Every structure is written in structure tokens, then in C-alpha cells.
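*Asks:*
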Amino acid sequence: MNNNRYKLIEIFIFYLTFVIFFIIGVKSFQDYGISLDEKWHRETGILFYNYIKGFFFELNNLQKVDAFTIKEIILNVDKSPALHPVVFDLPVEFIIDLLGIKNSYQVFQLRHFINFIYFLISIYFFYKILRKRFSNKIYSYVGILILFLSPRIFSESFYNNKDIFFLSLTIINTYCALNLINKPSFKSSILFSITAALAFDVRVMALLFIIVTYFIILIKSFEKKNYFRKNSKFFLITIVFFPIFIIVFWPYLWLGAIENLIFYFQNIPKMPVISFYLGDYVYPQNTPWHYNPVWILITSPLTVTIFFIAGFFRVFLRNTKRLFKIDNNKNNLWNGNKEMYDSYFLYIIFISFLAIMKFDFNFDGWRHIYFIYPFIIALSLSGIYFINVLIRKKYFKIIIFSIIFLEIIFLAYWNIKNHPYQYVFFNPIFKNYAKNNFDLDYWGLSNKSALEYIIEVDDSEKIKVSRAGFTSLESSLLILKKEKINRILIVNDLKEADYVIDNYRKGWGKIKNIHLLSTKFVKLHDIKVDDIIINTIYKKTN
1 MNNNRYKLIE IFIFYLTFVI FFIIGVKSFQ DYGISLDEKW HRETGILFYN
51 YIKGFFFELN NLQKVDAFTI KEIILNVDKS PALHPVVFDL PVEFIIDLLG
101 IKNSYQVFQL RHFINFIYFL ISIYFFYKIL RKRFSNKIYS YVGILILFLS
151 PRIFSESFYN NKDIFFLSLT IINTYCALNL INKPSFKSSI LFSITAALAF
201 DVRVMALLFI IVTYFIILIK SFEKKNYFRK NSKFFLITIV FFPIFIIVFW
251 PYLWLGAIEN LIFYFQNIPK MPVISFYLGD YVYPQNTPWH YNPVWILITS
301 PLTVTIFFIA GFFRVFLRNT KRLFKIDNNK NNLWNGNKEM YDSYFLYIIF
351 ISFLAIMKFD FNFDGWRHIY FIYPFIIALS LSGIYFINVL IRKKYFKIII
401 FSIIFLEIIF LAYWNIKNHP YQYVFFNPIF KNYAKNNFDL DYWGLSNKSA
451 LEYIIEVDDS EKIKVSRAGF TSLESSLLIL KKEKINRILI VNDLKEADYV
501 IDNYRKGWGK IKNIHLLSTK FVKLHDIKVD DIIINTIYKK TN
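As numbered in my numbering, residues 1 to 542 make up the sequence shown, in order.
And the structure:
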């Protein structure tokens, strides 16, 4: 009787947790501005949606899009929606068409809501991954709470439908990969192939997960007798179906997969975005090796960083020691699945950093490698577990879990206090240094709030607004309601402007008569996050 009651309580807590997550998302998704990239992502959906309709149905000439047209778009740097993931944008555009949505405000709110739903689904799979690794469910709940409440991840789960969407697919694919490794079957091989292809069609970095998965399979084949011979057919299925699903989920490849894929990778333009890092402006191709580690250090919760170091070195040293002592008869690279999971997390992080340092551009913080954050959290939990094993005195264990509990409370409080600007989170140790030495609102999300503030304080029928930063105000208009849009006129000359918005992001493009900002305008309002100014509104003097 007590066991049944205990199970019912467990089930209640589990579902209650995700219901609360969902309610928070529903209450939050309408509050965020629009990122610099979202307009391009919308164009992606429209482009490929019309391409598919033209592929299957007869359309008029204005709607038709073919592979040649997409190639032309790829070659045009200024009109490059084909460079963005179709896996998210295409289904959303189908829903928009199905619901008959025409209003841009509703379109982008729907995109934000769907992106959050994907993220919420991935948290469920992250919980299941952690349940595989840890016997105690407390670790799993701590893991999903940290992931959900990490301020930058939480806020971007609504509007960042590339990096957070890729993070979501990464988690789901990892769960499928671990199932394939532990229990190879037709089902696990197909699910792994599908999720890996979906992730690849968002970012080619998904190949790293394939490499790590097959490395684990290779090691396990050496260590476990008959493992490969017994399951080779299932591994072969993934090799065959993975590229097939890549083509299925990327319509651009339908009319010539190899040729179009080669063309795509040969013609991806590199955007000349300038980043503000350690007090200097740097171009993506010139970022130092420590760019991503520093960004992770200053924007991650402190307990995650501290326990990650413990977990990372524990797993790294264990792997290194085993590697030099490996013996076919007595020693394996890992003992049991739990050690294998730790190794999987470590390998993903390690190989990802090597790949980023070698091939990738770095800009806009560390959003391009958000996908490793769940693995960082997982190794942090392993660090907590390892420390608890070493510490025998109960009150020390109580202190550790009290610190973790206080961290979770702090993150929840910080998110509520600074909503909807969680994307400018820096942890308390580095906050004061970071505000003058790193990019803040690099995507211009706060421009929405700035425009709404101007509309509220000025009752003029038409309000002329210009910008001092580089992010587009026109994009921010897309997520305002129609009656507000009609009152705003965006101008690019400060001589004509009534107000100027500055989100402190520098980049290409010049504003006419920007020098007038210091002589003809006065500061009207600052938008602050944790006492850090991220956006300033100026009003023209009489």
C-alpha cells in the first residue's frame, strides 16, 4: 500500500513539474521581442513552403519556387533565407497557412510558442536521459530545473528557433542514441536516424553526435563479445537511413541531393558581424580560442560551473587512466552504462570544442554551441554525485544540496525580476565586469519594449523613430499589434527623428547625422537588467 502511494506521489510530482513549466511558457511567450534573425527565418518557411506546394501542386508564377531560384537566393548575401533551418520554419509556415494567419504579430507569437513547446519536449527527454544516468530522481529534477531556469536558455527558448531548437533536437537525438547503444533494434535505429537527420538539417554539427555514437558502439564491440555481430544489422540501418532522412526533411535536396548539398556548403556567406568581447571589437574569424569558454563561464549559473569542473576532471581522469590500462580480459574503458553515459557527455563537449575552434565563426555570445549545455549540466550532476560519494559526513551533503537549492531559488527569482530580459544574464561574480566588456542585447530584443514605451508616453498620431545601434527597428515592428505599428514611422536620419533608440550593438550600416544624438536629443528612459543598461531612449529637444 505504501509503495503504491509513493508511486502515485512520484507521478503527481512529475506531471506537476511539467504542467508548471507549460503554464510559465504560456504566461511568458507573448512578452518577448523579435530577434535580428527571425524575419529571415520566416522567409525560410515561406520560401520552402511555396517550393513544396509548387513541387506537388500547380501554382501561379508568383508563388512558384524551384531549386534554381533557391540557389540564386543562397548566392545573394542580402537575401539569404535558404541559409537557415527549414526543419522548424517549414512546419510552422504550414500551420500559419492552415490557420489562415496574416497578421505579423500573430505569426511571430505563434513561432515563439511553438519553439517553446519543442524546448519543453526536449526537457522531458533530458529528464529521461538523467534517469538513465542517476538512480536518485533528485538529480534528474535538479538537472531539468537548472536547464529550464538558466536565464539565457529560458528566454531564448521562445525566439531563438535555430540554436535552442538545435539544442532541443540534440537532447532528443542523444536519448535515441543511448537507446540504440544499449538496446539495438529496428525501432531504436530508425528513431536515431530520424532525429539525427533532423538535427543535421538544422546544423551540420550534428555529425559530431553520429561520430561519438559510433565511437561508443565501436568500443563496446571490442569489450562485449558478440555485441556487434548480433546487432550489426541495426547499425547498418542507421547508415542507410540517416542520409535518406536528411534528404526527406530538406526539400532543397529533392532535385539533386549531392549536387545541391555541395553547392550549399560552398556558398554559405559569412556575415560580417562585429562582437564586443573583453572590451574590444572582434570579427567572427578572429575570435581567440578562449571566446566560448569565457562566455560559458560568465553566463552560466555558478553551481553549474563549479560542479562541472569536478565532474569533468573526474570523468576525464577516469577515461585517461582506463585508456592506458585497458586490457581485453580485465579492464574496460568504462564499467557499466552509467560510466558510459558520463563518457558520452564528455566526448560530445570535447569534440564540439575542437570542431568550433577549427571551423566555426564565433559571434553573438556562445549561442552557436548552446547544444552542449545539457551535457555540461549532466557532468555537473556527475560532479555532485562524485563529491557526495567522497564526503561521508551527512551535514556536508546537506550543505551541498542546500547550495544547489538556493541556486535554483536564485535563478527563479532572477527570471521573474528581470522578465522579459533574461537574455542579458551574467552570473553575480562577473556581472559588474561584463556590463562594460561584453555584448549585451546583441539581437535587439529590447527594441520592442522601447517602441512600446514611446507609444505609451507620446500620444502623437505619427511618431518618427530612428536608431543609434545596428539592430533593425523594422523587425521589431513585426511583433507589435497593428494599432501600434500604424503610429510608428521608422526613419534613418536623426534630423527627421522625434526619438532615437540605442541598444548599444555596433555593426555595419551608418545612420545619417548620428552626431546630432549628443546635441539635439536628451535621454528619456533606460531599460535596465540587474542594474545594467541595455537600451536607452532619447527624445528630441525643442
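Don't be surprised by glycine CBs; every beta carbon is placed ideally from N, CA and C. Just so it is clear, the structure is predicted and the values come from calculations on it, not from any experiment.
Using the three-state DSSP reduction, which class does L494 fall into: helix, strand or coil?
*Replies:* In the structure shown, L494 falls within a coil segment according to DSSP collapsed to helix, strand and coil.
*Asks:* Can you name, in chain order, every residue of its own chain whose Cβ lies under 7 Å from the Cβ of N513, other than the five neighbours on each side?
*Replies:* D493, L494 and K495
*Asks:* Please report how far the alpha carbon of I485 lies from the alpha carbon of L477, in whole angstroms.
*Replies:* 6 Å
*Asks:* Evaluate contact between the segment 398–413 and the segment 144–155, counting only Cβ atoms and requiring at least three cross-stretch pairs below 8 Å.
*Replies:* yes
*Asks:* Between the segment 414–428 and the segment 335–353, do at least 3 Cβ pairs fall closer than 8 Å?
*Replies:* no
*Asks:* Classify K132 as helix, strand or coil using the three-state DSSP reduction.
*Replies:* In this structure, K132 counts as helix in the three-state DSSP scheme.
*Asks:* For E43, is the beta carbon positioned less than 7 Å from some heavy atom of the ligand HEM?
*Replies:* As far as ligands go, the structure on display features none, and thus does not contain the ligand HEM.
*Asks:* Give the DSSP-derived three-state secondary structure of S35 in the structure shown.
*Replies:* DSSP, reduced to helix, strand and coil, places S35 outside both helices and strands of the structure shown, so it counts as coil.
*Asks:* Which of helix, strand or coil does DSSP assign to R467?
*Replies:* strand
*Asks:* On the three-state DSSP scale, how would you describe T303?
*Replies:* helix
*Asks:* Between the Cα of F265 and the Cα atoms of R203, F222 and A310, which residue gives the shortest distance?
*Replies:* R203
*Asks:* If contacts are defined as beta-carbon pairs under 8 Å, then H112 and Y32 qualify, I think. What distance do you get, rounded to the angstrom?
*Replies:* 6 Å
*Asks:* If we call anything under 8 Å between Cβ atoms a contact, is R367 one with N160?
*Replies:* Yes, they are a contact pair.
*Asks:* Once DSSP output is grouped into helix, strand and coil, what is the label at T287?
*Replies:* Under the three-state reduction of DSSP, T287 is assigned to coil, being neither helix nor strand.
*Asks:* Quick check on the burial criterion: 16 or more other C-beta atoms within 10 angstroms. Buried or exposed for Q285?
*Replies:* exposed
*Asks:* Provide the residue span of the alpha helix (DSSP H) that contains F245, from first to last.
*Replies:* Y227 to V248
*Asks:* Residues bridged to I533 by DSSP?
*Replies:* K528
*Asks:* So the beta strand (DSSP E) Y544 belongs to, where does it begin and stop?
*Replies:* With the chain covering only 1 through 542, there is no way to say anything about residue 544.
*Asks:* So is H290 buried or exposed if we call it buried at 16+ other beta carbons inside 10 Å?
*Replies:* exposed
*Asks:* Quick one: using the 10 Å Cβ neighbour count with 16 as the cut-off for buried, is K79 buried or exposed?
*Replies:* Note that K79 scores 49 on pLDDT, short of 50, meaning its location in the model is unreliable; the coordinates nonetheless yield the value given after this. Exposed, by the Cβ-count rule.
*Asks:* Please confirm whether R131 and S140 have their CB atoms less than 8 Å apart.
*Replies:* yes
*Asks:* Could you check what DSSP says for I298 in three-state terms: helix, strand or coil?
*Replies:* helix
*Asks:* Which two residues bound the contiguous alpha helix (DSSP H) that contains D364?
*Replies:* Neither: D364 is in no alpha helix (DSSP H) and is coded neither H nor E.
*Asks:* What alpha helix (DSSP H) runs, 4 residues minimum, are completely inside the segment 145–171?
*Replies:* 151–159
*Asks:* To the nearest angstrom, how far is the alpha carbon of L625 from that of K431?
*Replies:* Residue 625 falls outside the range modelled here, since the chain spans only 1 to 542, and no answer is possible.
*Asks:* Need the endpoints of the alpha helix (DSSP H) that S221 sits in, please.
*Replies:* L207 to E223
*Asks:* Among F166, I384 and I511, whose alpha-carbon lies nearest the alpha-carbon of F312?
*Replies:* I384
*Asks:* Is it true that the CB of V500 sits closer than 8 Å to the CB of L480?
*Replies:* no
*Asks:* Quick one, which of E483, K321, R487 and I210 has its alpha-carbon nearest I463's?
*Replies:* R487
*Asks:* Using 8 Å as the Cβ pair cut-off and three pairs as the minimum, do the segment 438–445 and the segment 526–536 touch?
*Replies:* yes
*Asks:* Tell me, please, which residues DSSP counts as bridged to F521.
*Replies:* K540
*Asks:* Could you tell me the alpha carbon to alpha carbon distance between E156 and P251, rounded to whole angstroms?
*Replies:* 27 Å
*Asks:* Does the Cβ of R314 have 16 or more other Cβ atoms within 10 Å, making it buried, or fewer, making it exposed?
*Replies:* The residue is buried, with at least 16 neighbouring Cβ atoms inside 10 Å.
*Asks:* May I ask you to report which of helix, strand or coil DSSP gives L489?
*Replies:* strand
*Asks:* Just curious, the alpha helix (DSSP H) that Y281 is in, first and last residue?
*Replies:* Y281 -> not in any alpha helix (DSSP H); beta strand (DSSP E) instead, spanning D280 to V282.
*Asks:* Drop a sphere of 10 angstroms on the beta-carbon of S28, count the other beta-carbons inside from all chains shown, and report buried for 16 or more, exposed for fewer.
*Replies:* buried
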